[in-house]
Amino acid sequence: MPGGGELSYAQGMAAVHETSHWMGLLHTFEGDSCTSDGDFIADTPQQSVSTDQYPRSPAKDTYPDQPRLDPIYNYMDYSTDECYEGFMPMQHQRMMEMWAMHRAGHVAA
Ligand SMILES: [Zn+2]
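Position 90 of the sequence shown, counted from 1, bears residue number 82 in the numbering used here, the numbering being contiguous throughout.
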C-alpha cells in the first residue's frame, strides 16, 4: 500500500488486487498446476507460479508448450504495481456476475 516499505508494490495496486478477490476472482496462478482448472477463467493464460517483480526479459512463460506467455500484466498475479495493466474480458464478466449474485441489492440488517 502507499507508504509501505516495498516501493515497487506500494503504489496502490494491491487495493485493486484485493478488491478483485472480494469481487470473486482467484489468482491467475491458482492451483500451481498445468492440469488444474487454475483460476476458473477461460481466457487467462495457464500459469504455474506467481510472478515476482516485473520480469521484462526473458518473458516469463511457465508453460512454453502453450500459446501464450504468463499473464504478468494481470492484476491477479503478484507482479509489481508498475507491471499491472488490467484484467481479461472473462474476469470482468466474472466480477459483474459475482456482484449481481452476492453483492448488489443485499442490505445489511
Ligand atoms: Zn491475492
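For glycine and all other residues, C-beta sits at the position ideal for the given N, C-alpha and C.
### Task
Return yes when the Cβ of residue 17 is within less than 8 Å of the Cβ of residue 68, no when it is not.
The Cβ atoms of residue 68 and residue 17 sit closer than 8 Å to each other.
### Query
Mind checking whether the beta-carbon of residue 84 lies closer than 7 Å to any heavy atom of ligand 1?
No - ligand 1 has no heavy atom lying nearer than 7 Å to the Cβ of residue 84.
#### Entry: N- and C-terminal bounds of the alpha helix (DSSP H) containing residue 34
Careful: residue 34 lies outside any alpha helix (DSSP H) and carries neither H nor E.
### Query
Which word fits residue -3, buried or exposed, when buried means at least 16 other C-beta atoms lie within 10 angstroms of its C-beta?
exposed
#### Entry: Under the three-state DSSP convention, the category residue 12 falls into
helix
### Query
How would you label residue 19, buried or exposed, when you count the other beta carbons within 10 angstroms and need 16 or more for buried?
buried
### Query
In this structure, does DSSP put residue 0 in helix, strand or coil?
helix
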